[in-house]
Ligand code: C2E
Ligand code: CA
Ligand code: CA
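Numbering (my numbering), first residue to last: 3 to 406.
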């Protein structure tokens, strides 16, 4: 069993108490780690991480330390060029450990997990086994220096494309629809994800032309698929910034009817990134979209401003739980409680409950056990370009669809 530990693995144990350092070191060595170094405090730890050769690849870090606590250690390490992975160790409660782990991840570090003291060999083995499977530290992609003028040019040059991510009905395993996700095919930067340009569009008044473009690509695609007998639903993201445009419901309805589409095929996912600017206009627009037959979805539920008040006022058909509460929820009591309550709330309101961000079989099983209706996530498929959709569908229907 110990043979599985990489011989090059170098672990740093940071704890202000000498006996805890010694104990942790012994447990690590019994688990097969050959190289362990020790620091009695945060400052010393940072020096080790900066200078030690070969590099420290994993840090077992105590949270409560007198001179510099574990949270501060992380803040400093996040600024270094070499960032080892972290395991947090504490006698403190599980909620604090989980907050620290989230904080470190938000600073771009790879966190294998947390262990409550006294640490056991099983717990250490569990952490070490995650080191192989863990993805490289998810550093946020460097922000490209894109300006509103670039985006305007990109829109004019027809550089916006859609990728499609399937939404699967949990009970029947059939394809419920696809979410349309905007991509910018930039001549210099390649395929630019929406995280790099949607906010820019919102700030610069380009969100309207961007959404118009996305809508017309999606409606046209939906009609093309209808024409070959592939009838499905398409979900489109609508920024709350657009809910001041009283002409929008008529424009979308007109365009959908020009393509011969049934509005029920179109789901509008509303992300509330800020307080709705004008309550009367917003309600006017959403009520009319609903009356025209479009399905409204409350997106990113559980985050930001998506609130109970909106659920009460707006005729949503779908509640979409944000992936922050979905991926890994089986291991996180709080995420699981929020997931469970959101699903129950959606069902009590008569909504279809969708969970996004399912990455593993375990996520899927939990969602199924909670009665979630529709699942979207890497476990099923990543968003794909349009020319991959039909082949993917064929494969899915061949392997996964219920044999009726
Ligand atoms: P969103 O509406 O929450 O869309 C889901 C995002 O989660 C997508 O990122 C998708 O690729 C990602 N995702 C799906 N499954 C998984 C998973 O299992 N694991 C992980 N880690 N991620 C998963 P993407 O395509 O980068 O889009 C990011 C956001 O950009 C979207 O978040 C949406 O808010 C916004 N966006 C995308 N297209 C448009 C658009 O046409 N208009 C507007 N207003 N916003 C858009
Ligand atoms: Ca969405
Ligand atoms: Ca989301």
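The beta carbon of each residue, even a glycine, is placed where N, CA and C say it ideally should be.
Keep in mind the model is a prediction, meaning the values are calculated, not measured.
Residue i CB to nearest heavy atom of ligand 1 below 8 Å
i: residue 325; result: yes
i: residue 90; result: no
i: residue 184; result: yes
i: residue 176; result: no
i: residue 266; result: no
i: residue 333; result: no
i: residue 329; result: yes
i: residue 232; result: no
i: residue 196; result: yes
i: residue 40; result: no
i: residue 2; result: Outside the modelled stretch of the chain, which goes from 3 to 406, sits residue 2, for which no answer is possible.
Span of the alpha helix (DSSP H) around residue i
i: residue 24; result: 20-32
i: residue 257; result: 250-260
i: residue 287; result: 281-293
i: residue 215; result: 209-229
i: residue 340; result: 335-350
i: residue 312; result: 310-315
i: residue 122; result: Where residue 122 is concerned, there is no enclosing alpha helix (DSSP H), given that its DSSP letter is neither H nor E.
i: residue 297; result: Taken as a continuous stretch (DSSP letters only), residue 297 belongs to no alpha helix (DSSP H), being part of the beta strand (DSSP E) at 297-303.
i: residue 204; result: 200-206
i: residue 245; result: Taken as a continuous stretch (DSSP letters only), residue 245 belongs to no alpha helix (DSSP H), as it is neither H nor E.
i: residue 11; result: Counting along the chain, residue 11 falls outside any alpha helix (DSSP H), and DSSP gives it neither H nor E.
i: residue 369; result: 363-371
heavy atom of ligand 3 below 8 Å from residue i C-beta
i: residue 359; result: yes
i: residue 302; result: yes
i: residue 384; result: no
i: residue 52; result: no
i: residue 169; result: no
i: residue 24; result: no
i: residue 305; result: yes
Host beta strand (DSSP E) of residue i (start-end)
i: residue 268; result: 268-273
i: residue 389; result: That residue, residue 389, is in no beta strand (DSSP E); its alpha helix (DSSP H) goes 388-401.
i: residue 114; result: 113-118
i: residue 236; result: 235-241
i: residue 357; result: 354-358
i: residue 378; result: 376-378
i: residue 382; result: From DSSP, residue 382 is part of no beta strand (DSSP E); its letter is neither H nor E.
i: residue 321; result: 320-323
Residue i and residue j closer than 9 Å at C-beta
i: residue 216; j: residue 248; result: no
i: residue 91; j: residue 65; result: yes
i: residue 27; j: residue 15; result: yes
i: residue 177; j: residue 169; result: yes
i: residue 157; j: residue 194; result: no
i: residue 213; j: residue 244; result: yes
i: residue 8; j: residue 42; result: no
i: residue 357; j: residue 322; result: yes
i: residue 166; j: residue 221; result: no
i: residue 341; j: residue 313; result: no
i: residue 272; j: residue 316; result: yes
i: residue 269; j: residue 123; result: no
i: residue 57; j: residue 12; result: yes
i: residue 304; j: residue 344; result: yes
i: residue 70; j: residue 44; result: yes
i: residue 129; j: residue 75; result: no
i: residue 205; j: residue 241; result: no
i: residue 99; j: residue 116; result: yes
i: residue 211; j: residue 256; result: no
i: residue 228; j: residue 267; result: yes
i: residue 285; j: residue 318; result: no
i: residue 87; j: residue 55; result: no
i: residue 254; j: residue 291; result: yes
Closer than 8 Å: residue i CB and nearest ligand 2 heavy atom
i: residue 213; result: no
i: residue 100; result: no
i: residue 273; result: yes
i: residue 235; result: no
i: residue 322; result: yes
i: residue 239; result: yes
i: residue 181; result: yes
Interface flag, residue i vs chain D, CB-CB below 9 Å
i: residue 188; result: Looking at the structure shown, chain D is missing, and only one protein chain is on hand.
Practice problem: Scan the segment 18-106 and note each continuous alpha helix (DSSP H) run of 4 residues or more that stays entirely inside, going in chain order. | Solution: You should have 20-32, 44-53 and 72-79.
Quiz prompt | Stretch pair the segment 373-381 + the segment 390-397: three plus CB contacts closer than 8 Å | solution = Cβ pair count under 8 Å is below three, so no.
Quiz prompt | 3-residue-minimum beta strand (DSSP E) runs that sit fully inside the segment 128-192, ordered along the chain | solution = Listed in chain order, the complete beta strand (DSSP E) runs (minimum 3 residues) inside the segment 128-192 are 162-171 and 177-188.
Practice problem: Could you say if the segment 49-59 and the segment 108-115 meet the contact criterion of at least three C-beta pairs nearer than 8 Å? | Solution: At 8 Å Cβ cutoff, the stretches do not touch.
Quiz item: Contact between the segment 328-336 and the segment 289-301: three or more CB pairs below 8 Å?
Solution: A contact between stretches requires three or more CB pairs, one per stretch, nearer than 8 Å, and the segment 328-336 fails this requirement with the segment 289-301.
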